[in-house]
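Number of protein chains: 2
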Amino acid sequence: MLMEFNVKILNQKYCVALDDKDELQHLKNEFVLPNSIIYLGGNTLGARPHSSSALTQQFIAHEWDEKLAHHLSNEDYHTELPRDLGNKIAGLIGANNDEVMVADSTALNLFKTLAAAIKIQAKKHPEARLIVAERDALPTDIHIIQSFIELHQQLYQLELIEHENELEQLLATGQVAVVVLSQIHHCTGRLKDLMTINRLIHQHFALVIWDLCQSVGVFPTQLNQSQADFAVGCTYKYLNGGPGAPAFLWVNEKHLTTFWDPLNAWNNHNNPLDIIDFYEPFTGLKRYMSAHQPIISMRLIECGLNIFAKTNLEAIRLKSLKLTDLFIELMEQECADFNFKLITPQEHQHRGGHLSYNHPFAYEICQALCARGVITDYREADIIRFAFAPLYIRYIDVWNTVQQIKSVMQNVEWQIKPYLLTHNINYD
Amino acid sequence: MLMEFNVKILNQKYCVALDDKDELQHLKNEFVLPNSIIYLGGNTLGARPHSSSALTQQFIAHEWDEKLAHHLSNEDYHTELPRDLGNKIAGLIGANNDEVMVADSTALNLFKTLAAAIKIQAKKHPEARLIVAERDALPTDIHIIQSFIELHQQLYQLELIEHENELEQLLATGQVAVVVLSQIHHCTGRLKDLMTINRLIHQHFALVIWDLCQSVGVFPTQLNQSQADFAVGCTYKYLNGGPGAPAFLWVNEKHLTTFWDPLNAWNNHNNPLDIIDFYEPFTGLKRYMSAHQPIISMRLIECGLNIFAKTNLEAIRLKSLKLTDLFIELMEQECADFNFKLITPQEHQHRGGHLSYNHPFAYEICQALCARGVITDYREADIIRFAFAPLYIRYIDVWNTVQQIKSVMQNVEWQIKPYLLTHNINYD
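For the record, the sequence lines run as chains A and B. Just so you know, we're using the numbering used here here: the first sequence kicks off at 635 and counts up by one. Just so you know, we're using the numbering used here here: the second sequence kicks off at 635 and counts up by one.
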């Protein structure tokens, strides 16, 4: 990186020059961001697209009213929305058309894919009764697996692994039915290699479900190319779909006909208004969808996805790596004395979209940074997450963040009580 | 009804006089309704409250952005929303504070309450393995029960009853674990008596789950007084929460501590950010909530509920009965020659909020009425549903609807091909 402008010490001017050269820099204008803050929480809740305002007004002023006035005729529109949104996400995760569905929450989608995977395995490998996940996975994922097992009256067993190499040992027993993994770890930011892991899992006749929450929109995942089985992910982080926006679900085409949704209701039934005794699922993708979806929250997802359509994930990943490279180098140059320890891998092939640092006073530092308008994310134990969403984070933001961290540490601001720290928001 | 103004023939003037006397008439102004249509589909999708426009703008312009800027501090706000909305619904269904939660869809809430009820019964009455529902229940409900049973590998069995008296016979076998019933039938509009049915079910040690989709907001349900066990219902019909708005769930206080959500994830965990091995559910109401909720769709529900706070359900039920009385009488007076057959009970104690008529050309008549700006709802087989939402339907609307039906029948308009029928929408 340093070689790019042949400088020895990184400075503000250098960062401004990087922004000037940035092919994605105009996309920041697509978002509403207070100019008094630097928002590094995009892997928790994405920024708000400008177009969201007009879209909600349009929804309110036209669609709801139109739906009333054309009661009989427009049912199709809203049942097609999960598929239409899914098709817009497909290109971001290496999936084909009509393989992705937007509906429900990530947690419910994990439940559904787990039920589908277990149903396939119960036929093919009834002796395999282990469901494997990482001990430090997102607790949501673990809870969903636990409740799935409880619902099956302990017929299956959860095995939590501490390190990736334990996976191979477990697989070798021939007892593993399904493996649930996150592509990018929510805490450490470590990136896993789908191709290698999928091959290993399939060698032992197990199936894999990938949680893409921390990767979709910041890393070009290749689901089909790597021959994954199932994937789930959320739309409110890097995809900027809005608070609590519905999640997505992907199923490998080879499992599509055997896919079974344990929470089926209205919309995945071929004849939803018929009174029938037995469930006949849709023959296609629609069978993924459990029930009515919250339409305005669904519609808002389009705003973020339309911005992705103006660029490509290779450019986004390239900028993501340059932003995190710059932050790592600047932290070494400016904050080496302050006891921060990078826990995200340095190697590009193992690095996700955010950087996590360990510090004994991480929580207090987060609050002091927030008071200075730098929004980061605290995680147990003693971890600060910095997410650099390439669509709206500039190189100068990286420079300014490191300068703010330096000031917080030099002034020992993290010792000030939280309620004394305030910051004003300014959108002008 | 006829006696009220001592008239022999019901006429337009009489209906206008009823509107003038109507204590709820001002509430129609709370809704956006095109003045060129009469909207009788409020039991499918409620009308749009005026306040929805300002609320979405406020959400878009402030809450999303604020949430970014105060990343660390306002998590509580959104996790309290399901409970706050639930407390606003509690008074409409005879529930107490902190017994109702708004989250997920009706289908998922049925799944959750069914899992909870079965878990209670598996301990108390393990021999009871039947789940009873009505054969002509909403197909959603039946599909959810079927998939619940499939997930339990046929440990339980679904019994579909044709008539209410079959329920007692089944209960007498001592094999019934759970009964799922709708308070007001989606098709016939028949109203069930909770008190009598709950007593019968409990005499045989079974539990009951009530589907309130067709009753909430139009009938003063008494869940606690009638000692029901569980209830679910939607917010987008008479409550006017917006397309696909999240649903609600009620649990009798006595089951609250044993309630178990099989789809638990983030938010019903006491320490959602901790990494733990085993699920420890919230000790209170929060354990009902499966996962992140779509916030803007949640917030919109408030608009409709705030209108209910300006009146009471006794006044709403009174107007509902007067509207349906008037429609029945006018249909007899004006349309007796046209072969319509009322299938909703005439007796007030058995009549819900909508009226259903059978007609051999029901589907075609629905379309012809739609072309004349009268929005009704067609259901298989040969049924037209007319929903009279007391908050925004006037007596003059009832008069005009019957006149339009009369014209459609006299002009044989239902024989015209659907694509030749159009109507213009006019909000002026």
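The beta-carbon is built from N, C-alpha and C at its ideal position, and this holds for glycine as well.
Could you name the residues that DSSP lists as bridge partners for residue i?
i              : result
residue 1107/A : Residue 1107/A is absent from the structure shown; chain A starts at 635 and stops at 1062.
residue 665/B  : 683/B
residue 1011/B : 1019/B
Can you check which of these residues, the options, is closest to residue i by C-alpha distance?
i              : options                         : result
residue 783/B  : 649/B, 770/B, 765/B and 772/B   : 765/B
residue 975/A  : 945/A, 989/A, 889/A and 984/A   : 989/A
residue 1047/A : 857/A, 1006/A, 958/A and 959/A  : 1006/A
residue 983/A  : 693/A, 855/A, 1018/A and 753/A  : 855/A
residue 943/A  : 1019/A, 953/A and 725/A         : 725/A
residue 785/A  : 748/B, 817/B and 799/B          : 748/B
residue 810/A  : 830/A, 787/A and 756/A          : 756/A
residue 958/B  : 978/B, 970/B, 875/B and 1010/B  : 978/B
residue 890/B  : 731/B, 657/B, 770/B and 1002/B  : 731/B
residue 835/B  : 862/B, 875/B and 1003/B         : 862/B
residue 771/A  : 798/A, 753/A and 992/A          : 798/A
residue 955/B  : 751/B, 876/B, 981/B and 666/B   : 981/B
residue 948/A  : 1010/A, 1024/A, 972/A and 927/A : 1024/A
residue 816/A  : 848/A, 808/A, 839/A and 833/A   : 848/A
residue 897/B  : 807/B, 742/B, 813/B and 686/B   : 742/B
residue 686/A  : 676/B, 698/B and 685/B          : 698/B
residue 993/A  : 970/A, 694/A and 751/A          : 970/A
residue 776/B  : 752/B, 745/B and 750/B          : 745/B
residue 998/B  : 1050/B, 693/B and 1009/B        : 1050/B
residue 789/A  : 1022/A, 760/A and 658/A         : 760/A
residue 888/A  : 717/A, 703/A, 729/A and 644/A   : 729/A
Would you report the Cα separation of residue i and residue j, rounded to the nearest angstrom?
i              : j              : result
residue 820/A  : residue 727/B  : 41 Å
residue 762/B  : residue 792/B  : 12 Å
residue 825/A  : residue 986/A  : 5 Å
residue 961/B  : residue 829/B  : 29 Å
residue 690/B  : residue 1044/B : 45 Å
residue 952/B  : residue 804/B  : 35 Å
residue 580/A  : residue 682/A  : Outside the displayed range of chain A (635 to 1062) lies residue 580/A, so it cannot be described from this structure.
residue 1014/A : residue 642/A  : 36 Å
residue 937/A  : residue 740/A  : 20 Å
residue 701/A  : residue 801/B  : 38 Å
residue 669/B  : residue 673/A  : 46 Å
residue 902/A  : residue 654/B  : Residue placement at residue 902/A is poorly supported in this model, since its pLDDT is 42, which falls under 50; the coordinates are not used for a value here.
residue 719/A  : residue 935/A  : 8 Å
residue 873/A  : residue 1019/A : 18 Å
residue 972/B  : residue 1017/B : 14 Å
residue 818/A  : residue 852/B  : 49 Å
residue 1036/B : residue 680/B  : 21 Å
residue 758/A  : residue 750/A  : 13 Å
residue 875/A  : residue 667/B  : 30 Å
residue 678/A  : residue 1010/A : 10 Å
residue 823/B  : residue 688/A  : 39 Å
residue 941/A  : residue 722/A  : 11 Å
Mind checking which residues open and close the alpha helix (DSSP H) that includes residue i?
i             : result
residue 988/A : Counting along the chain, residue 988/A falls outside any alpha helix (DSSP H), though it belongs to the beta strand (DSSP E) covering 988 to 992.
residue 951/B : 947 to 968
residue 700/B : 698 to 703
residue 648/B : 646 to 655
residue 997/B : 996 to 1005
residue 833/A : 828 to 837
For the beta strand (DSSP E) that residue i lies in, which residues bound it at each end?
i              : result
residue 812/B  : 810 to 816
residue 791/A  : 791 to 795
residue 845/A  : 841 to 845
residue 865/A  : 864 to 867
residue 733/B  : Here residue 733/B belongs to no beta strand (DSSP E), and DSSP marks it neither H nor E.
residue 884/B  : 882 to 885
residue 726/A  : That residue, residue 726/A, is in no beta strand (DSSP E); it is neither H nor E in DSSP.
residue 1021/A : 1017 to 1021
residue 766/B  : 764 to 768
residue 824/B  : Residue 824/B -> no beta strand (DSSP E), and no H or E assigned at all.
>> Check whether the segment 963 to 970 of chain B and the segment 862 to 873 of chain B are in contact - that is, three or more C-beta pairs closer than 8 Å.
In response: As far as the Cβ criterion goes, the segment 963 to 970 of chain B does not touch the segment 862 to 873 of chain B, which means the pair count is below three.
>> For the pair the segment 1016 to 1031 of chain A and the segment 658 to 673 of chain A, tell me if three or more CB-CB distances fall below 8 Å.
In response: The segment 1016 to 1031 of chain A, when compared against the segment 658 to 673 of chain A, does touch it at the 8 Å Cβ threshold.
> Is there contact here, the segment 776 to 795 of chain B with the segment 923 to 939 of chain B, by at least three beta-carbon pairs under 8 Å?
Replying inline: No contact exists between the segment 776 to 795 of chain B and the segment 923 to 939 of chain B.
> Are the segment 646 to 659 of chain B and the segment 843 to 862 of chain B touching, with three or more C-beta to C-beta distances below 8 Å?
Replying inline: Counting C-beta pairs closer than 8 Å gives fewer than three between the segment 646 to 659 of chain B and the segment 843 to 862 of chain B, which falls short of the contact rule.
>> Output needed in chain order: residues of the segment 670 to 691 of chain B with a Cβ under 8 Å from some Cβ in chain E.
In response: Annotation note: the requested chain E is absent from the structure, which comprises protein chains A and B.
> Just checking, does the segment 873 to 888 of chain B make contact with the segment 734 to 750 of chain B on the three C-beta pairs under 8 Å criterion?
Replying inline: Yes: at least three Cβ pairs fall under 8 Å.
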